[in-house]
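Structure record follows, encoded as structure tokens.
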């Protein structure tokens, strides 16, 4: 008997996953982490209003969620100054990136991103048979000019930029990003991943022109809103592109509780402001801890600080492993020369204190 | 400027959606339904334990869910008497069907199902370029022999059977389904959709042979467990097939609250027994209402009763519209001759009383 007849594409895909989750690591280790600082989650938690709304909605979970995400789209559109037709809500940016890649990328199509940028995007591109072209970072920044030049040279269907950047925490000012949008080649769509935009200085996000067909932007409730486990992201783009998601998406895929939580979170800007302040303070604290240990914190416009360990990838990987052995969960970039760094998420003092306590020994062990 | 360069396949897809949700209809109507009896949701609600677990988990929603669904898989495997490697958890059966179709079906591949069976499955098949072959129902039952014969004749990659069936509520005994599994042609994978299995008489589900590569089964927390809005389904199958989901799925796609709710619901079999008793009573009540109005309720092994309106599809559609006008939300099969029926979900007496109150006038209006 033959097994299932996978498509040639799926048969060729590796079984690897973009990220190993902290719970998976905890099971392998046999004990929990004391400091959960690796997944860029918001350890400051969701808005109490969002928690209350989700607790209330729990009783109504027998109902499917609204397949149109009507109320959340309307609220987002009002906040952004666009029409609901310019906003698509989906199962996190990860889910929406999957849909977008499926819409545009088939076997042989080319997609341009930066070497070391978001692995889950790459996972989707490869998963739909796309060919990834990687452009190096320039000075720990994604390189808009190089991305555009490569996209033009290869006739890319998609070109990806995150601003602020993950995993380096660097950012470009709005003018530079707008120049990139203006330079997008005909036939290429630019993905502007703004998952971390709430943490960035004013003047980092270009103004939203909802009718600009050259760019689609992604934002999320997973970071500043503290709702990573609720899986709510959204795309902002030209209405015809946004409407096309309806051809491929899982129409009843959104959790009803998540819809309620995201909507309530939007109504609590004071909480968001508080989280941003706490993240800014935590970035300073992480930077201090790094400096006290002779390491170099990179400037960050996100809810994490990427720390240059001062040597190569092998050394940073050793630091990561030694931190994990000491119950500190952090992650690191996957590609040289970015992988000389570790990436530490912002968190409250009890988690950062564990980092401060364990980093010296971890460094010593990695050096020894 | 050209627009986004969709793949040829996606460019060819219709913008239509498998189902129009009740909230969408309520917005169009300008007022809510008084009886929500159309989506086969469990109006009896989730287990109080599940509600409590979700309310507790709401505070932890800043964390991504466990990407391996470890605890839920382990609990399901223990319940089912299989290994965790035989169980994949995903974003509802809808989400898992999408992944499975993507794994096996590409342009030109053939898939066999019944005319009038689950539209969302068809949506996925068409969405990945598959060619649907439809076999008619036989006596309001899906027809295993005809499905197998067609699958064999066309070399289908997938053949779909739901047992109990939606939208008719009919079912086959386990022996008949097992005969179908035994007859699956080499190179075809059978999908056994058991979304409604908890409501069926004993002896409806064939024993689970987790190593049988011919069949993959789907079950859900959306129906008997009352967690439709939490989006938790699971697949049971041979380990190599289950492992292949990791090549395409959205690894961090599950909501953390939903994982907690499903796990808690599994620990409350008394609630499930109570819901099954309430559903059985509600089926009797719907059947009585139908008979009192001169209609014919069909036997049902699900949480709904399909009611033969005694004429053609136009008449049943008129009844549906007249019920909606009277604030009663029900649905109906989409294909003749099944579409002589309307489909009424089980619910508590306050909802069914609205149906009883409004059905006579709706029928009169449809006849007039």
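Chains as they are written, first to last, in the UniProt record's numbering: chain A, 1 to 368; chain B, 1 to 368. For every residue, glycine included, the Cβ atom is placed at its ideal position computed from N, Cα and C.
query = Which of the three DSSP states, helix, strand or coil, is assigned to residue 191 of chain B?
reply = strand
ask   = When the cut-off is 8 Å and only beta carbons count, does residue 24 of chain B lie next to chain A?
value = yes
ask   = Looking only at its own chain, which residues have a Cβ that is under 6 Å from the Cβ of residue 67 of chain B, when we skip the five neighbours before and after it?
value = 251, 252
task = May I ask you to list, following chain order, the residues of the segment 108 to 137 of chain A that have a beta carbon less than 7 Å from some beta carbon of chain B?
result = 127
ask   = Which parts of the segment 105 to 180 of chain B are runs of the alpha helix (DSSP H), unbroken and 4 residues or longer, counting only runs that do not cross its ends?
value = 119 to 127, 144 to 154
query = In chain order, what residues of the same chain lie with their CB nearer than 7 Å to the CB of residue 125 of chain B, ignoring the 5 residues before and after it?
reply = 101, 105, 111, 132
ask   = Looking at chain A, which residues of the segment 62 to 77 of chain B have a Cβ within less than 7 Å of any of its Cβ atoms?
value = 62, 63, 64, 65, 66, 67, 68, 70
Partners in chain A for residue 209 of chain B, counting only beta-carbon separations shorter than 7 Å = Simply none; closest approach about 14 Å.
message = Tell me which residues of the segment 274 to 299 of chain A have at least one Cβ-Cβ distance to chain B shorter than 8 Å, keeping chain order.
response = none
Inter-residue CB distance, residue 254 of chain A and residue 69 of chain A (contact presumed, cutoff 8 Å) = 6 Å
Contact belief for residue 57 of chain B with residue 260 of chain B at Cβ below 8 Å, rounded distance in angstroms = 4 Å
task = Check residue 234 of chain B in the structure and name its three-state DSSP category.
result = strand
query = Do the segment 41 to 50 of chain B and the segment 264 to 274 of chain B touch if we need at least three Cβ pairs shorter than 8 Å?
reply = yes
inquiry  = With a threshold of 8 Å between beta carbons, is residue 42 of chain A in contact with chain B?
reply    = yes
message = Can you check which of these residues, B:308, B:351, B:78, B:349, is closest to residue 332 of chain B by C-alpha distance?
response = B:308
ask   = What is the residue span of the alpha helix (DSSP H) that residue 344 of chain B lies within?
value = First-last for residue 344 of chain B: 341 to 345, but that is the beta strand (DSSP E), not the alpha helix (DSSP H).
message = Short of 8 Å in beta carbon distance, which residues of its chain neighbour residue 276 of chain B, apart from the five on each side in sequence? Order them along the chain.
response = 198, 199, 224
ask   = For the 8 Å Cβ check, are there 3 or more pairs between the segment 151 to 162 of chain B and the segment 183 to 196 of chain B?
value = yes
message = Cβ closer than 7 Å: which chain A residues qualify as neighbours of residue 46 of chain B?
response = 61, 62
Span separating the alpha-carbon of residue 241 of chain A from that of residue 247 of chain A = 11 Å
query = Thinking just about the alpha-carbon of each residue, which of B:278, B:306, B:341, B:14 is nearest to the one in residue 42 of chain B?
reply = B:278
ask   = In chain B, which residues lie with their C-beta within 8 Å of the C-beta of residue 81 of chain A?
value = The premise fails here: residue 81 of chain A is roughly 23 Å from chain B at the closest Cβ pair, so nothing lies under 8 Å.
key: Neighbouring residues, chain B, relative to residue 161 of chain A (Cβ below 8 Å)   = Those within 8 Å of residue 161 of chain A in chain B number zero; the least Cβ separation is about 17 Å.
request  = Closer than 8 Å, Cβ to Cβ, to anything on chain B: give me those residues from the segment 259 to 271 of chain A, in chain order.
outcome  = 261
ask   = Does DSSP put residue 312 of chain B in a helix, a strand or coil?
value = coil
request  = Give, in chain order, every residue of the segment 4 to 17 of chain A whose Cβ lies closer than 8 Å to some Cβ of chain B.
outcome  = 4, 5, 6, 7, 8, 9, 10, 13, 14, 15, 17
request  = Write down every uninterrupted run of the beta strand (DSSP E) in the segment 211 to 273 of chain B whose length is 3 residues or greater and which is fully enclosed by it, in chain order.
outcome  = 215 to 220, 233 to 236
request  = Take residue 8 of chain A as the anchor and find which of A:127, A:78, A:84 has the nearest alpha-carbon.
outcome  = A:127
query = Under 8 Å, do residue 304 of chain A and residue 88 of chain A count as touching if we go by C-beta distance?
reply = no
query = How is residue 336 of chain B classed by DSSP in three states: helix, strand or coil?
reply = coil
task = Taking residue 94 of chain B as the query, report the chain A residues whose CB atoms sit under 9 Å from its CB, ordered along the chain.
result = 250, 251, 252, 253
key: Run of the alpha helix (DSSP H) containing residue 10 of chain B, from where it starts to where it stops   = 8 to 12
message = Using 8 Å for Cβ pairs, my map puts residue 121 of chain B next to residue 96 of chain B. What's the rounded Cβ distance?
response = Actually they do not touch by this definition, with Cβ atoms about 11 Å apart.
request  = Could you please give the first and the last residue of the uninterrupted alpha helix (DSSP H) stretch that includes residue 51 of chain B?
outcome  = 48 to 58
key: Proximity of residue 345 of chain A and residue 40 of chain A at Cβ, strictly below 8 Å   = yes
query = What are the boundary residues of the alpha helix (DSSP H) that residue 89 of chain A is part of?
reply = No alpha helix (DSSP H) holds residue 89 of chain A; the beta strand (DSSP E) holding it covers 87 to 90.
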